[in-house]
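Shown next, in structure tokens, is the structure this report addresses.
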Amino acid sequence: MSTIILAAGRGSRMKSDLPKVLHQILGIPMIELVTEKVSQVGSDDLTLVLGHGADQVQRALGETSIRSAIQDPQRGTADAVLAALLQQPPVHPDVLVVNGDLPDLDPELLTRFVADHRSGGAAFSVASARVADPQGMGRIVRNDRGDFVAIVEQQDADEVVGRIDEVNLGLYMLQVDTLLPLLEEMVSQDLSVADPAAESYLTRVVEVMVQKSLSVAAIPVAADRQFLQVNDRRGLARVSRVFQDRLQEQLLDAGVTIVDPLTTWIELGVEIGSDTVIHPQTVIRRGVQVGRHCEIGPFAHLRGGTVIEDDVKVGDFVEINRSHLECGVRAKHLAYLGDARVGSGANIGAGAVIANYDGTHKSSTVIGERAFIGSGSVIVAPGEIGSDAVVGAGAVVPPGKIVEPGTVVIGVPARKLNQNKTRS
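My numbering puts the sequence shown at residues 23 to 446.
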């Protein structure tokens with residue numbers, strides 16, 4: 023199946039310099055979520071329509087097999103679909119068209135929509151749903167016989183149409199042979215006016231096709247919670263909350279304790295083992311791995327690239343970034359660990375800091391097993407603290423220094439106190 027994802031618009035209601043589709047849901051850009059869901063329904067020919075911030079979107083997606091079409095200037099969704107059909111001719115005769123601001127696509131319902139379109143034989147189909155609050159969404163208009171005859175946008179709806187609760191979900195299926203010449207004609211007419219701000223919308227094709235006695239269909243596929251759309255910052259917050267609730271429910275069902283779900287924020291792509299406890303005001307970023315029997319928070323911040331093994335305690339106001347904490351590590355108060363590997367059983371004292379950034383480069387630090395890093399100490403990366411070594415309270419370990427296993431260092435800069443002294 024061929025698919026076109028519409029991602030060219032600025033998203034003016036977001037009031038942002040960032041392209042709308044790059045706004046994130048739990049750490050992942052919306053466009054990445056959409057392309058992932060579409061790929062799950064067997065789309066092997068994917069074209070992304072880009073316009074505003076095209077370079078930014080392409081950089082965010084990185085190396086990919088997804089083709090791109092450019093809509094410049096951005097003059098409506100019909101013009102965007104036409105740009106894709108002309109610049110990147112589809113491999114398959116029928117095409118799924120998806121708005122790029124639908125991060126909550128359900129692959130199962132997408133599959134059902136495609137199947138219903140194909141079995142129904144319409145040249146153009148729209149996915150619809152009845153929702154409790156249709157505000158801001160295009161209404162599906164049917165005649166007295168129940169036939170689908172138009173899509174009316176919120177700003178164009180009169181009082182009668184405004185009461186309709188069946189809405190357009192921003193998912194379409196079209197037959198290329200029928201729609202390509204029709205879109206060429208319609209877009210040409212819509213954009214031929216003197217107004218440079220004129221646009222041509224894909225939703226208008228329904229009325230044009232009805233006038234030409236061509237087959238169209240509105241296929242109900244979803245309930246209120248599914249296919250949530252992001253139109254503005256409020257919508258982004260609402261959808262993010264829905265995703266957060268679902269993710270936390272999955273973790274709770276898997277044996278993770280989240281003491282206060284409303285004050286805990288966990289991004290997608292996080293793994294947390296059973297019997298781990300997450301305390302309030304904790305933030306866990308995308309890609310973090312946390313083992314079993316850990317205790318995280320309150321007020322902890324685990325950033326991307328961090329791995330926490332089993333039986334680790336990360337306490338209040340501790341931030342960990344791109345670091346690996348082995349089994350049994352304790353970092354319980356007011357610490358920062360960046361670009362570090364901390365050996366099993368090590369203790370990180372209150373206020374300890376690994377200074378991993380010199381203003382130009384970030385460097386790594388290795389802390390050995392059972393090492394004791396005293397309160398208020400600073401390890402300036404790159405550095406190496408040996409197993410069973412002790413860094414005294416308030417010491418500053420300069421960059422490049424190796425603290426030998428079992429030794430104690432104190433002072434500024436840190437110097438050896440007694441080579442043979444070990445912690446009792």
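The C-beta atom is built at its ideal place from N, Cα and C for all residues, glycine as well.
Is the CB-CB distance between residue i and residue j below 8 Å?
{"i": "H323", "j": "T298", "result": "no"}
{"i": "V334", "j": "Q311", "result": "no"}
{"i": "I432", "j": "G408", "result": "no"}
{"i": "G416", "j": "R392", "result": "no"}
{"i": "V163", "j": "V171", "result": "yes"}
{"i": "L290", "j": "L269", "result": "yes"}
{"i": "G398", "j": "G365", "result": "no"}
{"i": "G360", "j": "N378", "result": "yes"}
{"i": "L419", "j": "A436", "result": "The question names Leu, but residue 419 is Val in the sequence shown. Contact flag set, yes."}
{"i": "D332", "j": "P320", "result": "no"}
{"i": "I186", "j": "R161", "result": "yes"}
{"i": "M231", "j": "L213", "result": "no"}
{"i": "R256", "j": "M36", "result": "no"}
{"i": "V227", "j": "L107", "result": "no"}
{"i": "K59", "j": "P129", "result": "yes"}
Who are the Cβ neighbours of residue i in its own chain at under 8 Å, not counting the five residues just before and after it?
{"i": "Q157", "result": "Q176"}
{"i": "S147", "result": "F135, D138, H139, Y194, M195, L196, V238, A239, A240 and I241"}
{"i": "P404", "result": "S385, S386, T387, P421 and G422"}
So, for residue i: in the same chain, excluding its five sequence neighbours on each side, which residues have a beta-carbon less than 6 Å away from its beta-carbon?
{"i": "T200", "result": "A145"}
{"i": "A30", "result": "V71, L72, G73, Q93, Q96 and A102"}
{"i": "K438", "result": "T429 and V431"}
{"i": "W287", "result": "V305"}
{"i": "I318", "result": "I300, T304 and V336"}
{"i": "G326", "result": "R307, R308 and G309"}
{"i": "V252", "result": "D123, L258 and V261"}
{"i": "E341", "result": "H323 and Y358"}
{"i": "E229", "result": "A172"}
{"i": "M159", "result": "V189"}
{"i": "S34", "result": "none"}
{"i": "V63", "result": "P129, L132 and T133"}
{"i": "R32", "result": "H74"}
{"i": "V402", "result": "A377, P420 and P421"}
Excluding the 5 residues flanking residue i on each side, which residues of the same chain have their C-beta closer than 7 Å to its C-beta?
{"i": "T99", "result": "L28, Y223 and L224"}
{"i": "S446", "result": "Residue placement at S446 is flagged as unreliable, the pLDDT there being 46, under the threshold of 50; the coordinate-derived value follows with that caveat. The answer is none, since no qualifying residue turns up."}
{"i": "R352", "result": "K335, N369 and I370"}
{"i": "I294", "result": "L273, V278 and V312"}
{"i": "V79", "result": "A29, P41, V43, L44, I53 and L72"}
{"i": "T57", "result": "I27, L68 and I88"}
{"i": "A76", "result": "I92"}
{"i": "E348", "result": "E331, V364, G365 and S366"}
{"i": "S296", "result": "A276, G277, V278 and R314"}
{"i": "I280", "result": "Q270, L273, L274, T286 and I300"}
Mind checking whether the beta-carbon of residue i lies closer than 7 Å to any heavy atom of the ligand SAM?
{"i": "A151", "result": "By its list of ligands, the structure shown contains no ligand whatsoever, and the ligand SAM lies outside what it can speak to."}
Give the DSSP bridge partners of residue i, in chain order.
{"i": "A362", "result": "T387"}
{"i": "F321", "result": "Partner(s): none; F321 has no beta bridge."}
{"i": "M195", "result": "L118 and S147"}
{"i": "A403", "result": "A403 is not bridged to any residue."}
{"i": "R140", "result": "BP columns for R140 are empty, so no partner."}
{"i": "R437", "result": "I432"}
{"i": "T69", "result": "I26 and R89"}
{"i": "E229", "result": "E229 pairs with nothing; no bridge assigned."}
{"i": "Q311", "result": "E293 and V329"}
{"i": "P242", "result": "S150"}
{"i": "T286", "result": "BP columns for T286 are empty, so no partner."}
{"i": "H301", "result": "H301 pairs with nothing; no bridge assigned."}
{"i": "L348", "result": "Sequence inspection shows Glu at residue 348; the Leu mentioned does not correspond to that position. E348 pairs with nothing; no bridge assigned."}
{"i": "I306", "result": "I288 and L324"}
{"i": "A353", "result": "V336 and I370"}
{"i": "R161", "result": "V174 and V189"}
Quick one: measure Cβ to Cβ for residue i and residue j, integer angstroms, because I've assumed they're closer than 8 Å.
{"i": "Q110", "j": "A91", "result": "5 Å"}
{"i": "M23", "j": "S61", "result": "About 11 Å separates the two Cβ atoms, so there is no contact after all."}
{"i": "V174", "j": "V183", "result": "5 Å"}
{"i": "V375", "j": "V400", "result": "5 Å"}
{"i": "G381", "j": "P427", "result": "The pair is not a contact, with the Cβ atoms about 31 Å apart (cut-off 8 Å)."}
{"i": "D275", "j": "P302", "result": "D275 to P302, Cβ: 20 Å. No contact."}
* Asked: Do the region 104-118 and the region 45-58 make contact, defined as three or more Cβ pairs closer than 8 Å?
  -> With the rule of 3 Cβ pairs closer than 8 Å, the region 104-118 does not count as touching the region 45-58.
* Asked: Between the region 130-139 and the region 201-215, are three or more C-beta pairs nearer than 8 Å?
  -> Counting Cβ pairs under 8 Å, fewer than three are found: no touch.
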